[in-house]
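I have placed the structure first, in the form of structure tokens, so that the comments after it can refer back to it.
Protein chains in written order, with my numbering: chain A, 1 to 245; chain B, 246 to 556.
Dropping the structure here:
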């Protein structure tokens, strides 16, 4: 089954076509990397997929629901984690978990059960009453990821999930992502760092509102005869109409 | 002559030791990188070297001037680009540049030759508000402002964080241009792949320097033969590799897992053969194993695991 199916997805703002007939599918349990330069149309595409912006043309389903007619149900079936802003610094670990559980409509008993499971899995039980702002960055990221999964979404969207952390913490985080994917949750990662793109099962690269390349990291490097994904990315983006100094 | 000399610098904030007995030198004309994650102490170190913070212990000189006692002389000769965008969003590109020139008692005209390689790329947007520039253009304006008083040394704190791959590469190309004009540059980054663009790098973690070396040599600090292992079942591959009785390390590296065997004297062929049998028994498919040269990140992780590792 496909978790995301986009077909000719298009969004115009006045005369400007931010997303231009984009089509792709993401399988259930896949780790999919969504790359593009600043201004390539990534954010607009994601805002459509998470039900925050209506497409001008084309269609998409996320977790089986139509983003145009069933946006509420799409939003209930996805999780979202942005690196810096998804947790409340002045709330404790437990309060953050309860807040997100409540927002996603879980009842108190479920919040308690899943909250305990999160604390146990992360080895956070000792820090349950610590303010989030007192936690190291790596802990915050793991907690933010767990909280984005508390309602067991079909698809979780991650925005540069491992930026800034040390290389060991980054790998622990990717192991969490792989385990999540192995349990059947689709993971949709946006990033412009090769460090993160290399970990995805498959990536797409957007240029000027269109998908310019898509495939496994290895296949893309081969296709472009490039030693790194950065090199693939730079070659594609340099051909962009929007490429400026 | 050393452009930067740091000897035993320590800086604490309350109970947190941001810098712990840091010692290193940067040669004149060198492009020197500080590579490490957030909270490693990179920003604190920059603030000490640019005279904005006084160290609790130790001594640092920049261009021969002590950062504590000679701060006024030093400030005229140092260019600093902080990690956070620190320009005036409501002033235009030209106004920002004129402001920074005037703070240093100079003019844009006097500094123009120095900033030309960078500023010429954004000059056509001179009347645009700085807040309305794209990420890559903001970065070029910030660099122009840091250079307009013609400093002899440039400190850049994570200039490429949050910038896309094309702008990042252009930025590193610019640093190469500035270096060939004779400028000493100290630059920090959390991204290991950027370290390769430096003459030498210091790996920084937890307020300490783990190692200092040329980028090409850092990988050699990894003490065991290393292998890249792949399999169709990625999550399972890690689990199965860690049950191999001789595993020293097994860590995901993009599409592969980097594996090292604790028996350093067993030939690679033998390791591959045994490992292949183990992975096959673990029901993994499309298994590939090849010896590889360790990179900066392999070495960084290894050094992180050695407490009190000396530079």
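Glycine included, every Cβ here is placed at the ideal spot set by N, Cα and C.
Keep in mind that this is a model prediction, so the values were computed, not measured.
C-beta neighbour in chain B for residue 224 of chain A, strict 9 Å: no
8 Å Cβ shell around residue 532 of chain B - same chain, five flanking residues per side excluded: 474, 475, 476, 521, 524 and 525
Residue of B:331, B:290, B:329 and B:332 minimising C-alpha distance to residue 312 of chain B: B:290
Listed by chain order, chain B residues near residue 66 of chain A by CB distance under 8 Å: Simply none; closest approach about 31 Å.
Nonlocal neighbours in the same chain, by C-beta distance under 7 Å from residue 24 of chain A, ignoring five residues either side: 6, 204, 211 and 214
Local conformation of residue 278 of chain B per DSSP, three classes: strand
Spatial neighbours of residue 396 of chain B in its chain, beta-carbon cut-off 6 Å, leaving aside the 5 residues before and after: 322, 323 and 324
Contact check, residue 217 of chain A vs residue 231 of chain A, beta carbons under 9 Å: no
Exposure of residue 552 of chain B, with buried meaning 16 or more beta-carbon neighbours within 10 Å: Confidence in residue 552 of chain B is poor, its pLDDT being 47 and thus under 50, which makes the residue's placement unreliable; the coordinate value appears in the next sentence. Counting Cβ neighbours within 10 Å, residue 552 of chain B comes out exposed, since fewer than 16 surround it.
Residue 77 of chain A versus residue 160 of chain A: straight-line alpha-carbon distance, rounded: 21 Å
Same chain, Cβ closer than 7 Å to residue 345 of chain B, five either side skipped, listed in chain order: 390 and 393
Neighbouring residues, chain A, relative to residue 414 of chain B (Cβ below 7 Å): 234
Span separating the alpha-carbon of residue 27 of chain A from that of residue 188 of chain A: 11 Å
Chain A contact for residue 450 of chain B (CB, 9 Å cutoff): yes
Proximal residues of chain A, C-beta to C-beta of residue 380 of chain B below 7 Å: 38
Element boundaries [alpha helix (DSSP H), containing residue 385 of chain B]: 380-392
Proximity below 9 Å, CB of residue 70 of chain A to CB of residue 59 of chain A: no
Residue 131 of chain A (DSSP reduced to helix, strand or coil): strand
Cα-Cα separation between residue 514 of chain B and residue 468 of chain B, rounded to whole angstroms: 18 Å
Nearest-angstrom Cα separation, counted from residue 128 of chain A out to residue 150 of chain A: 16 Å
Cβ-based neighbour list, residue 116 of chain A, same chain, cut-off 6 Å, excluding 5 preceding and 5 following: none
Beta carbon of residue 118 of chain A nearer than 9 Å to that of residue 87 of chain A: no
As assigned by DSSP and simplified to three states, the class of residue 59 of chain A: strand
Proximity test, Cβ basis, 9 Å: residue 546 of chain B and chain A: yes
Selected residue, minimal CA-CA separation from residue 41 of chain A, among A:11, A:227, A:110 and A:75: A:11
Partners in chain B for residue 237 of chain A, counting only beta-carbon separations shorter than 9 Å: 409, 410 and 411
Between the CA atoms of residue 490 of chain B and residue 288 of chain B - distance to the nearest angstrom: 42 Å
3-residue-minimum beta strand (DSSP E) runs that sit fully inside the segment 98-174 of chain A, ordered along the chain: 155-159
Secondary structure, beta strand (DSSP E): runs of 3+ residues fully inside the segment 436-478 of chain B: 445-450, 453-458 and 471-475
Listed by chain order, chain A residues near residue 549 of chain B by CB distance under 9 Å: 166, 167 and 168
Nearest to residue 442 of chain B (by Cα), restricted to the options B:419, B:455 and B:456: B:419
Local conformation of residue 247 of chain B per DSSP, three classes: strand
Buried/exposed call for residue 269 of chain B, threshold 16 Cβ in 10 Å: buried
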